[in-house]
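If you're matching them up, the sequences are chains A and B in order. FYI, in our numbering the residues of the first sequence are 464 to 534. FYI, in our numbering the residues of the second sequence are 4 to 619. Glycine is no exception: its CB is placed at the ideal position from the N, C-alpha and C atoms. Worksheet: one structure, shown below.
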Amino acid sequence: MTAKIGETYTIKDVSISDEKLKRQIVNLGINKNNKIKLLKHNYNKSAILVEVMCVRYALDKLVCEQIKLYE
Amino acid sequence: MNSVVLVGNPNTGKTTIFNSLTGSREKVANWHGVTVSVKEGLVKGLDKKISVYDLPGIYSLNGYSNEEKIACEFLKQNKEALICYVCDANNLARNFILAKQMIETGYNICLVVNMANEIKNLDINNELKKFKIPGIAIDARKKKDIEKLKNFIKIHNNKKPQNNANINKITAIYDNLSNKIAENRNIKTERIDNFVLKNGVFLLLFLISIFSVFYITFGPVGTVFSWIINQLFNKIFDNLRKIILCGNISLIIKSFLIDGVIIGVQTIISFVPQIMLLILLLNILEDTGFMSRVSFMFDGIFKKFGLTGKSIFSLFVGFGCTTTAVMTTRNLENKNLRRRTILLLPFISCSAKLPIFLVFAASFFEKYKYVFVFALYLFSCLISLTFALIYKKILKQKNDVYIMEIPKYRLPNLKIIFKNSLSIINEFLIKIGTMISLFIIIVWFLQNFSTSFMFIENEKFDDSILYFLSNKLLFLFKPLGFENPVMVVSLLLGLVAKEMIVVGVSVMGLTPNIFASMFNTKLTIVFLIFILLYSPCISAIISIKNEVGKKWAIYVFVAQFLIAYLVAFLAFKIMTDYKYIFALVLFLILDICCFFVLRLNKKTSCRGNCNECKRI
Numbered sequence: 464m465t466a467k468i469g470e471t472y473t474i475k476d477v478s479i480s481d482e483k484l485k486r487q488i489v490n491l492g493i494n495k496n497n498k499i500k501l502l503k504h505n506y507n508k509s510a511i512l513v514e515v516m517c518v519r520y521a522l523d524k525l526v527c528e529q530i531k532l533y534e
Numbered sequence: 004m005n006s007v008v009l010v011g012n013p014n015t016g017k018t019t020i021f022n023s024l025t026g027s028r029e030k031v032a033n034w035h036g037v038t039v040s041v042k043e044g045l046v047k048g049l050d051k052k053i054s055v056y057d058l059p060g061i062y063s064l065n066g067y068s069n070e071e072k073i074a075c076e077f078l079k080q081n082k083e084a085l086i087c088y089v090c091d092a093n094n095l096a097r098n099f100i101l102a103k104q105m106i107e108t109g110y111n112i113c114l115v116v117n118m119a120n121e122i123k124n125l126d127i128n129n130e131l132k133k134f135k136i137p138g139i140a141i142d143a144r145k146k147k148d149i150e151k152l153k154n155f156i157k158i159h160n161n162k163k164p165q166n167n168a169n170i171n172k173i174t175a176i177y178d179n180l181s182n183k184i185a186e187n188r189n190i191k192t193e194r195i196d197n198f199v200l201k202n203g204v205f206l207l208l209f210l211i212s213i214f215s216v217f218y219i220t221f222g223p224v225g226t227v228f229s230w231i232i233n234q235l236f237n238k239i240f241d242n243l244r245k246i247i248l249c250g251n252i253s254l255i256i257k258s259f260l261i262d263g264v265i266i267g268v269q270t271i272i273s274f275v276p277q278i279m280l281l282i283l284l285l286n287i288l289e290d291t292g293f294m295s296r297v298s299f300m301f302d303g304i305f306k307k308f309g310l311t312g313k314s315i316f317s318l319f320v321g322f323g324c325t326t327t328a329v330m331t332t333r334n335l336e337n338k339n340l341r342r343r344t345i346l347l348l349p350f351i352s353c354s355a356k357l358p359i360f361l362v363f364a365a366s367f368f369e370k371y372k373y374v375f376v377f378a379l380y381l382f383s384c385l386i387s388l389t390f391a392l393i394y395k396k397i398l399k400q401k402n403d404v405y406i407m408e409i410p411k412y413r414l415p416n417l418k419i420i421f422k423n424s425l426s427i428i429n430e431f432l433i434k435i436g437t438m439i440s441l442f443i444i445i446v447w448f449l450q451n452f453s454t455s456f457m458f459i460e461n462e463k464f465d466d467s468i469l470y471f472l473s474n475k476l477l478f479l480f481k482p483l484g485f486e487n488p489v490m491v492v493s494l495l496l497g498l499v500a501k502e503m504i505v506v507g508v509s510v511m512g513l514t515p516n517i518f519a520s521m522f523n524t525k526l527t528i529v530f531l532i533f534i535l536l537y538s539p540c541i542s543a544i545i546s547i548k549n550e551v552g553k554k555w556a557i558y559v560f561v562a563q564f565l566i567a568y569l570v571a572f573l574a575f576k577i578m579t580d581y582k583y584i585f586a587l588v589l590f591l592i593l594d595i596c597c598f599f600v601l602r603l604n605k606k607t608s609c610r611g612n613c614n615e616c617k618r619i
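Next up, the structure:
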């Protein structure tokens, strides 16, 4: 899966192998059928701004790595 | 007694509703995780007593974090209470996941849709009537809406739980409502973010906002504001002094009241206007949603130094006042991160040191005084970054997964901001003010009593305990080149408050310029480096004790003193004996070589485009 900034994906289509992160995302009320839109990197690309269910989240680079993010 | 529990996802405005219902002043902010414990109060203005509980925000009934566990445990124990489920009108779809869980579990639930004013062209109150469960749409910042909510609570307080509610029907109606709201959604935040979060634009906005905060606080506005407040209180204190001087009481009590108590209270009050202004302005930045974006944008840079984006505001506030900066670290959820940020704050030069720098810089570096002061500030930044790296290595901790909800942009609510700021100032005056007063009284005793515990009536400062102690401690400072006990006295007074370094010497009959004339250029640099780095003032130490405990407060006091001593000693030696310069240069060359060798050996991090990743 190659994800790009500005594109929208379904969470089940992107692989998130980290268990702790998975739990946290489920805990936020986000499920695998939700759409995730990748909005913006921060300086030096350590975190990414995403939008899920109309809410904006800052997620760390772990997410970027798990979904193999390319610009 | 009847009770109502405010439940909901984080950042839906539960504490704002709680404060409006009860008249409390609990901290509210435009981001998640502000409430960390259960708060209790009584609904004001009702003819019967109804208690309200404000729970920390939760996403599900099986919480992971400490505050979530607290909230879930509370809910289990209070199944009969009326649950006011607070939703954010902008995020109804996500907020409903927990509401659904609670309806299915059998809680007596009613919906409170907050921020309903942000959804234009849709009467949410009308839509809520279609539900089997009671609901109300409000804007918690409006008094009129809070009155409606009070009546709503009064009506629904004694009703039995809706166990027979058809969850599928409710879900269908709810989905329909969320879709309608999504269609009418305000896309202002998206538009602003598209413009603001461009790297260059954001950096510019950040610098402008930070410099504006500092310019207003420590520039003309803050100075005039401080001057007005201080003049007002000075008149009161002058009249008090006159009353005390005319009174028929002993000289010791007169001196205690005038030089101890009044000066103590006056010193504390002199801090208040600028701290108040700084907190007020930072609260405005928080309330607009700008803070969360700063945290996101600068997170990567600060992670290199073992901090996160959230630490940046505390460090900037540190240039104003270390005590306030320590208090601002409360926004950092991670204990270890909070501790590391607090440990770095004493390295940042606070505004109280600026007058000392200017007095000395004007005396010895007249032409380049601003360059010299700027160099001192730069030096403090470099030292703090070096220690950030050291603390990163020493106080290791596995990083949590970084997930943070970014709030919408909102116009700041000045009433709430003012209430928040007042509550922080109140805390400052009670917790820190009392301790500063105590220390100022101790200093008064040391200044005004001789070693035989006799009161010094003729202002012969050389006989005082403070001078005696300074003389005894002089041997400690001789390796730094400080040969005069007055220099040691000024450093001891600086431990109470850095302002007292200049003010304190005037008690000894010396003007700041005469005091500066005791130094030469080399000694000035050593003295200022020592002041720049040595133990922070008592109020900052007490603040650190309140935030991270006694052990760390003692550590900061001792460690800062030793670090300042060591750096000042090295500076003195380098300036007096040139062979030390060669040793330092050699050390730096070795250091740089080691850095490059380690960097070459370090594997570059993968961004998902290495051969290994492509195979997967």
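Spatial neighbours of B/ASN5 within its chain, please: CB distance less than 6 Å, with the 5 preceding and 5 following residues excluded, ordered by chain position.
-> Position 2 of the second sequence, counted from the start, is the residue given in the question as residue 5 of chain B. So the list reads ILE53 and ASN160, once near-sequence residues are dropped.
Classify B/SER467 as helix, strand or coil using the three-state DSSP reduction.
-> The residue you call residue 467 of chain B lines up with position 464 of the second sequence. Looking at B/SER467 - three-state DSSP - the assignment turns out to be strand.
For B/ASN5, write down the residues that DSSP places opposite it in a beta bridge.
-> Along the second sequence, read from residue 1 onward, the residue named residue 5 of chain B stands at position 2. Answer is B/ILE53, bridged to B/ASN5.
Give every residue of the same chain whose Cβ lies closer than 7 Å to the Cβ of B/THR326, excluding the five residues on either side of it in the sequence, and list them in chain order.
-> Taking the second sequence and counting its residues from 1, one reaches residue 326 of chain B at position 323. Here the set comprises ILE435, SER542, ALA543 and SER546.
Given that A/LEU512 touches chain B, what residues does it touch there, using C-beta distances under 8 Å?
-> Here residue 512 of chain A refers to the residue found at position 49 when the first sequence is read from its first residue. Within chain B, the residues near A/LEU512 are ASP196, LEU200, PHE299 and ILE409.
Tell me where the alpha helix (DSSP H) around B/LEU196 begins and ends.
-> Here residue 196 of chain B is taken as the residue at index 193 of the second sequence, counted from 1. Reading off the sequence shown, one finds Asp at residue 196 of chain B, where the question assumed Leu. First-last of the alpha helix (DSSP H) with B/ASP196: 191-199.
According to DSSP, residues forming a beta bridge with A/LYS498 | Numbered from its first residue, the first sequence carries residue 498 of chain A at position 35. Beta-bridge pairing links A/LYS498 to A/THR473.
Whose C-beta lies closer than 8 Å to the C-beta of B/ILE428 among residues of the same chain, with five residues either side of it excluded?
-> Against the second sequence, residue 428 of chain B aligns to sequence position 425. Contacts found: VAL275, ILE278, MET279 and ILE282.
Given a cut-off of 8 Å, decide if B/LEU131 and B/ALA140 are closer than it, judged by their beta-carbon atoms.
-> What you label residue 140 of chain B is simply residue 137 of the second sequence in a count that begins at 1. What you label residue 131 of chain B is simply residue 128 of the second sequence in a count that begins at 1. Yes, the pair counts as a contact, with Cβ atoms nearer than the cut-off.
In chain order, what residues of the segment 279-306 of chain B put their CB closer than 8 Å to some CB of chain A?
-> SER295, SER298, PHE299, MET300, PHE301, ASP302, GLY303, ILE304 and LYS306
Is the Cβ of A/ASN505 closer than 8 Å to any Cβ of chain B?
-> As a first step, residue 505 of chain A is located in the first sequence; it is residue number 42 there, counting from the start. Closer than 8 Å to some Cβ of chain B, the Cβ of A/ASN505 qualifies, so yes.
Could you have a look at B/CYS596 and say whether DSSP puts it in helix, strand or coil?
-> In the second sequence, counting from the first residue as 1, residue 596 of chain B sits at position 593. DSSP, reduced to helix, strand and coil, places B/CYS596 within a helical segment of the structure shown.
Strand pairing of B/GLU43, partner residues [DSSP] = Residue mapping note: residue 43 of chain B aligns to position 40 of the second sequence, counting from 1. DSSP, once it has assigned bridges, lists B/TYR56 as partnering B/GLU43.
C-alpha gap between B/ALA574 and B/PHE236, whole angstroms = As a position in the second sequence, residue 574 of chain B is number 571, starting the count at 1. As a position in the second sequence, residue 236 of chain B is number 233, starting the count at 1. Cα-Cα distance, rounded: 42 Å.
Taking only the alpha-carbon atoms, compute the straight-line gap between A/VAL515 and B/ASP178 and give it to the nearest angstrom.
-> By one-based count along the first sequence, residue 515 of chain A stands at place 52. By one-based count along the second sequence, residue 178 of chain B stands at place 175. Here the C-alpha atom of A/VAL515 lies approximately 16 Å from the C-alpha atom of B/ASP178.
Along the chain, where does the alpha helix (DSSP H) that runs through B/ARG343 open and close?
-> Residue mapping note: residue 343 of chain B aligns to position 340 of the second sequence, counting from 1. Residues 338-347.
Determine the extent of the alpha helix (DSSP H) in which B/ILE20 is found, giving its start and end residues.
-> What you label residue 20 of chain B is simply residue 17 of the second sequence in a count that begins at 1. Per DSSP, B/ILE20 belongs to the alpha helix (DSSP H) from 17-25.
Exposed or buried, which one is B/SER520 when buried takes at least 16 other CB atoms within 10 Å?
-> Within the second sequence, numbered from 1, the residue matching residue 520 of chain B stands at position 517. Exposed, since its Cβ has fewer than 16 Cβ neighbours within 10 Å.
8 Å Cβ cutoff, A/LYS508 in contact with chain B | Residue numbering aside, residue 508 of chain A sits at position 45 when the first sequence is read from its first letter. Closer than 8 Å to some Cβ of chain B, the Cβ of A/LYS508 qualifies, so yes.
Whole-angstrom C-beta distance between B/ASN451 and B/SER258, which should lie under 8 Å | As a working note, residue 258 of chain B is residue 255 in the second sequence. As a working note, residue 451 of chain B is residue 448 in the second sequence. With a Cβ gap of about 6 Å, B/SER258 and B/ASN451 count as contacting.
Local Cβ density within 10 Å of B/ILE211, reported as buried at 16 or more and exposed below that | One-based indexing of the second sequence puts residue 211 of chain B at position 208. B/ILE211 is exposed by the Cβ-count criterion.
What residue does the beta strand (DSSP E) around B/MET407 start on, and which one ends it?
-> Against the second sequence, residue 407 of chain B aligns to sequence position 404. Residue range 406-409 is occupied by the beta strand (DSSP E) that includes B/MET407.
Outcome for B/SER608 when other beta-carbon atoms lying within 10 angstroms are tallied against a minimum of 16 | Translated into positions along the second sequence, residue 608 of chain B becomes position 605. A caution first: B/SER608 carries a pLDDT of 48, below 50, which makes its placement in the model unreliable, though a value can still be read off. The residue in question, B/SER608, is exposed, as its Cβ has fewer than 16 Cβ neighbours within 10 Å.
Alpha-carbon to alpha-carbon, B/TYR373 and B/SER426 = Translated into positions along the second sequence, residue 426 of chain B becomes position 423. Translated into positions along the second sequence, residue 373 of chain B becomes position 370. If you take the alpha carbons of B/SER426 and B/TYR373, they lie about 37 Å apart.
Determine, using beta carbons only, whether B/GLU615 comes closer than 8 Å to chain A.
-> Against the second sequence, residue 615 of chain B aligns to sequence position 612. Caution is warranted here: a pLDDT of 44 is assigned to B/GLU615, below 50, making its placement in the model unreliable, and the coordinate value is therefore given only provisionally. No, B/GLU615 lies away from the interface with chain A (no Cβ there is under 8 Å from its Cβ).
How big is the Cα-Cα spacing for B/VAL264 and B/LEU432?
-> Counted from its first residue, the second sequence places residue 264 of chain B at position 261. Counted from its first residue, the second sequence places residue 432 of chain B at position 429. For B/VAL264 and B/LEU432, the distance between alpha carbons rounds to 15 Å.
So which residues of chain B does A/LEU522 contact, with C-beta pairs closer than 7 Å?
-> Numbered from its first residue, the first sequence carries residue 522 of chain A at position 59. Under the 7 Å cutoff, chain B gives TYR405 and ILE406.
Using only alpha-carbon positions, find the residue among B/LYS153, B/THR108, B/GLY552 and B/VAL10 that is nearest to B/ASN98.
-> On the second sequence, residue 98 of chain B is found 95 positions in, with the first residue counted as 1. Per the Cα distances, B/VAL10.
Quick one: does B/ARG97 have its CB under 8 Å from some CB of chain A?
-> Reading the second sequence from its first residue, position 94 is the one you call residue 97 of chain B. With 8 Å as the cut-off, B/ARG97 counts as an interface residue toward chain A.
If you pair each beta-carbon of the segment 562-581 of chain B with each one of the segment 479-489 of chain B, do three or more pairs fall below 8 Å?
-> yes
Reduced DSSP secondary structure (H/G/I, E/B, other) of B/PHE308 | Here residue 308 of chain B corresponds to residue number 305 of the second sequence, with the count starting at 1. Residue state, collapsed to three classes: coil.
Nearest residue (CA-CA) to A/VAL518, options B/LYS399, B/LEU58, B/THR192 and B/ILE112 | Position 55 of the first sequence, counted from the start, is the residue given in the question as residue 518 of chain A. The shortest C-alpha separation from A/VAL518 is found at B/THR192.
Does the separation of the CB atoms of B/GLY309 and B/LYS395 fall below 8 Å?
-> Here residue 309 of chain B is taken as the residue at index 306 of the second sequence, counted from 1. Here residue 395 of chain B is taken as the residue at index 392 of the second sequence, counted from 1. Yes, Cβ-Cβ distance for B/GLY309 and B/LYS395 is below 8 Å.
Roughly how many whole angstroms lie between the Cα atoms of B/VAL329 and B/SER27?
-> Within the second sequence, numbered from 1, the residue matching residue 329 of chain B stands at position 326. Within the second sequence, numbered from 1, the residue matching residue 27 of chain B stands at position 24. Spanning the two alpha carbons is a distance of roughly 24 Å.
Check whether B/ILE443 and B/ILE261 have beta carbons under 8 Å apart = Position 440 of the second sequence, counting from 1, holds the residue named residue 443 of chain B. Position 258 of the second sequence, counting from 1, holds the residue named residue 261 of chain B. No, the pair does not count as a contact, with Cβ atoms beyond the cut-off.
Go through its chain and collect everything with a Cβ distance to B/ILE619's Cβ below 7 Å, but skip five positions before and after it.
-> Walking along the second sequence from the start, residue 619 of chain B turns up at place 616. Bear in mind that the predicted position of B/ILE619 carries a pLDDT of just 36, short of 50, making it unreliable; the figure below should be weighed with that in mind. Apart from the 5 residues on each side of it in sequence, B/ILE619 has no Cβ closer than 7 Å to any other Cβ in its chain.
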